[in-house]
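Q:
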Amino acid sequence: MKELMHLGIGNDNSESVFPNLEILNVNNCGRLKNLTSSIISFRNLTTLHVANCEGLKYLTTYSVAKCLHKLKSLEVENCESMIEIVASNEDEEDSRNYYEIAFSCLQHLKLYYLPSLRGCCSSGNCTVRVPSLNSLIVKECLIELEISPDGSLSQSGSRPERQQIIEEVEEKEEEEDDGNETGGMTQLIAHTN
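Letter 121 of the sequence shown, counting from 1, is numbered 121 in my numbering, and no numbers are missing.
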């Protein structure tokens, strides 16, 4: 699999491949340039784990990301060239458009050792919403992510190169003593190693 550069099949088939695909693990594909494919359906994907894919500069495009409604777990690790999680589509020339991606079922997000990662989206005109997220782990990346009160994932700055911070979001199990309910909002806890 080290020579794999693209996902797909050899013939030009307009039919979707693996329409019921729920779990996708991509490991040790150092030459893989593009995870997304127009013939592979990701609409039923619940788990995506990508590791040791040094050639990947981005995980997916905006048009594919907006179809990942059932995704519950996303882990990306040891992808040294990855610059962003979601890249704009090649046909999206108008950078004035505002894009929103809602990973409404995403509960677990882990980003580990992505030393080139600059952010979630390629354009500053993009918001990533993660209303169900209860576990966020960002380790050995140059960016710092947090969940805003409206449930969107935001970059709060860059980290010093050698600083390691593990961010974990833990769902509140009890209401606060003063009676304020968070409406399912989670609490962000940052640890510095």
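Every residue, glycine too, gets a C-beta built ideally from N, C-alpha and C.
Kindly indicate which residue of LEU74, GLY55 and ASN20 has the alpha-carbon position closest to the one of SER200.
A: Given a span of 1 to 193 for the chain in the structure shown, any question on residue 200 remains unanswerable.
Q: For SER88 and ALA51, I'd like the C-alpha separation in whole angstroms.
A: 22 Å
Q: Quick one: what's got a C-beta closer than 6 Å to CYS121's C-beta in the same chain, skipping five residues either side?
A: Listed in chain order, the non-local C-beta contacts of CYS121 below 6 Å within the same chain comprise VAL86, local neighbours out to five positions each way being set aside.
Q: Would you call TYR99 buried or exposed, if buried means 16 or more other Cβ atoms sit within 10 Å of its Cβ?
A: buried
Q: Going by DSSP in three states, TYR113 sits in which element: helix, strand or coil?
A: strand
Q: Given this structure, state the Cα-to-Cα distance separating SER116 from ASN34, to the nearest angstrom.
A: 17 Å
Q: Going by DSSP in three states, SER135 sits in which element: helix, strand or coil?
A: strand
Q: Tell me the DSSP secondary structure of TYR98 in three-state form.
A: coil
Q: State the CB to CB distance for the pair LEU133 and LEU145, rounded to an integer number of angstroms; the pair is presumed to be in contact (CB under 8 Å).
A: Under the criterion of beta carbons closer than 8 Å, LEU133 and LEU145 do not qualify as touching, at roughly 10 Å.
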